[in-house]
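S.K.: Residue numbering for the sequence shown follows my numbering, beginning at 49 and increasing consecutively. Every residue, glycine too, gets a C-beta built ideally from N, C-alpha and C.
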Amino acid sequence: MTINLEIPRKFKPLVGQAHTVATEVFRPVSRRYDREEHTYPKELDFLAAVIGGMSDGGGAGGAGAVGSRDSPSNGSAPEGSRNGSNLASALSIMELCWGDVGLLLSMPGQGLGNSAIGAVADDAQLERFGGRWAAMAITEPEAGSDSAAIRTTAVLDGDEYVLNGEKIYVTAGERAELVVVWATLDRQQGRAAIKSFVVERSNPGMKLIRVEDKLGIRASDTAAFSLEDCRVPKRDLLGDPKIQPKGGFAGVMQTFDNTRPLVAAMAIGVARAALEFTREKLAEAGVEVDPDAPPHSQPAAAAELLDMEADYEAARLLTLQACWMADNRKPNSLQASMAKAKAGRTGTDVCLRCIALCGSAGYAETELLEKWARDAKILDIFEGTQEIQLLIIARQLLKKTSADLK
Ligand SMILES: Cc1cc2nc3c(=O)[nH]c(=O)nc-3n(C[C@H](O)[C@H](O)[C@H](O)COP(=O)(O)OP(=O)(O)OC[C@H]3O[C@@H](n4cnc5c(N)ncnc54)[C@H](O)[C@@H]3O)c2cc1C
């Protein structure tokens with residue numbers, strides 16, 4: 049089998065467009081919206097049209113932009129192998145995050161909730177919610193990594209569900225038009241009873257408690273909500289309203305098979321920004337980097353850069369593999385977690401090691417490298433932390449259930 053590591057020709061225009069957005073729109077305002085946390089980056093509004101164009105080219109740019117309608121859980125067998133929308137999304141996300149992760153996460157219409165809607169909405173729901181910006185609210189004060197522990201309840205009352213609980217750390221929660229809320233129909237029945245509901249941000253039962261001040265991705269808003277007798281039409285429950293003891297929760301979790309590689313792609317974009325910057329600084333300092341010479345025959349800084357580039361390539365290839373598998377409807381949970389674990393850690397490591405190599409140019413606010421290091425950290429936390437990815441990988445390799453290996 050031959051492996052072609054080039055970007056597929058059909059995606060080159062998309063990657064070029066994303067790179068232009070990163071260079072011309074994101075980078076020039078990157079520092080500004082890092083300093084002015086909570087100010088809406090109005091430059092993003094006009095990008096909505098561009099995103100539409102990019103979607104036509106095979107995939108959009110935002111976090112969770114693609115639903116798992118292309119995933120292994122859906123549809124019939126593929127006809128041959130293809131490079132599809134997951135791969136396109138990952139490639140454009142890498143470019144856009146080379147520009148700015150926080151701004152990518154703030155792009156209208158590209159929320160994680162859009163991914164959940166894309167994955168499980170029926171045709172009528174797609175009609176109602178398609179094209180609207182949807183955030184995703186899973187995390188609660190008592191439920192982070194263990195999403196099966198959520199306490200928010202949903203009780204059917206006539207034609208409406210009544211939701212009560214608290215949600216924290218909702219990316220784009222303040223700015224999005226919709227929030228996909230995870231709630232349980234019956235806590236006694238465990239994970240099988242967890243369902244997701246599309247809630248209008250304007251719903252009076254959903255109250256914004258606060259917007260967080262953060263270490264990184266400061267251009268992106270992160271909201272906390274309380275749900276107080278929040279009434280949601282019955283038809284806005286996503287997926288099967290019945291509690292299915294087998295497979296129900298696994299279905300919800302499959303959204304992550306598509307979104308984790310996209311978060312990995314974000315980390316790869318930041319890592320590349322840091323590596324390119326560092327390579328330039330080393331060149332200015334007269335350090336020559338020779339990829340063909342053994343590390344011990346080169347200056348220590350050059351060997352360090354090559355070492356980081358090898359990690360970066362490994363993370364990138366794992367990510368492309370996970371996306372390609374999703375596009376070809378191959379089960380990819382293992383590869384999605386491997387990509388997320390490797391890229392999440394590589395993004396953080398690379399940025400910090402680049403700061404070490406660049407010295408004051410790496411640490412000062414005169415350059416963006418210190419900001420990239422702050423931005424990169426979240427990519428090893430949300431959509432499942434480093435430890436949780438390793439746990440998922442171990443379970444799969446050892447053929448253990450979540451009850452066997454906690
Ligand atoms: C900026 C930001 C944006 C976010 N956006 C969203 C969003 O849009 N929607 C959403 O629902 N959530 C979002 N989150 C929440 C995020 O997904 C959680 O923070 C994450 O899943 C970890 O949960 P936790 O913070 O409760 O940590 P905990 O689950 O309490 O974990 C704390 C530490 O313990 C480790 N740990 C936990 N369990 C295990 C275990 N079994 N084995 C080994 N180690 C373990 C974790 O890896 C971590 O290091 C966001 C968070 C942040 C900071």
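(1) With DSSP as the reference, identify every bridge partner of proline 281, one or two as the case may be.
(2) Cβ of glycine 264 less than 8 angstroms from any chain B Cβ?
(3) Measuring straight from C-alpha to C-alpha, what distance separates serine 119 and alanine 271?
(4) Is tyrosine 209 a contact residue of ligand 1, with contact defined as CB to any heavy atom under 7 angstroms?
(5) So what does DSSP say about tryptophan 420, is it helix, strand or coil?
(6) Unbroken beta strand (DSSP E) runs of length 3 or more, entirely within the segment 266-331: which are they?
(7) What do you get for isoleucine 198, buried or exposed, if any count of 16 or more other CB atoms within 10 angstroms of its CB means buried?
(8) If I'm right that leucine 92 touches leucine 139 with Cβ under 8 angstroms, what's the distance once you round it to whole angstroms?
(9) For the alpha helix (DSSP H) containing valine 337, name the first residue and the last one.
(10) For lysine 255, name the three-state secondary structure that DSSP assigns.
(11) Considering only residues of the same chain and omitting the five flanking positions on each side of arginine 249, which have a CB-CB separation below 7 angstroms?
(12) What did DSSP end up calling lysine 243 once you bin it into helix, strand or coil?
(13) Measure the alpha-carbon distance for aspartate 288 versus proline 189 and round it to whole angstroms.
(14) Considering just the uninterrupted stretch of the alpha helix (DSSP H) at valine 149, what are its terminal residues?
(15) Just to confirm before moving on: does the CB-CB distance between phenylalanine 430 and valine 311 stay below 8 angstroms?
(16) Quick check for students: name the residue ranges of the alpha helix (DSSP H) that lie wholly in the segment 134-192, counting only runs of 4 or more.
(17) Pop quiz: phenylalanine 304 and alanine 240 are said to be a contact at Cβ under 8 angstroms. What is the actual Cβ separation, rounded to whole angstroms?
M.R.: Reading it off the structure:
(1) Glu208.
(2) In summary, chain B is missing from the structure at hand, where a single protein chain is found.
(3) Note on serine 119: pLDDT 40, under 50, position unreliable in the model; the coordinate value appears next. Answer to the nearest angstrom: the Cα atoms are 29 angstroms apart.
(4) Outside the cutoff, so no.
(5) DSSP places tryptophan 420 in helix when its eight states are reduced to three.
(6) With a minimum length of 3 residues, the continuous beta strand (DSSP E) runs that stay inside the segment 266-331 are 270-281.
(7) Counting Cβ neighbours within 10 Å, isoleucine 198 comes out buried, since at least 16 surround it.
(8) Between the beta-carbon of leucine 92 and that of leucine 139 there is about 20 angstroms, and that puts the pair past the 8 angstroms contact cut.
(9) Note, valine 337: premise wrong, no alpha helix (DSSP H); not H, not E.
(10) The three-state reading of DSSP puts lysine 255 in strand, counting E and B together.
(11) Within the same chain, Ala224, Glu225, Leu226, Val227 come within 7 angstroms of arginine 249 by CB-CB distance, once the 5 residues on both sides are set aside.
(12) Reduced to three states, the DSSP call for lysine 243 is strand.
(13) Looking at the two C-alpha atoms, the distance is approximately 27 angstroms.
(14) First-last of the alpha helix (DSSP H) with valine 149: 149-153.
(15) Result yes, Cβ atoms of phenylalanine 430 and valine 311 sit closer than 8 angstroms.
(16) When DSSP assignments are scanned along the segment 134-192, the uninterrupted stretches of alpha helix (DSSP H) that are 4 or more residues long and fall wholly within it turn out to be 149-153, 160-168, 171-177.
(17) With a Cβ gap of about 17 angstroms, phenylalanine 304 and alanine 240 do not count as contacting.
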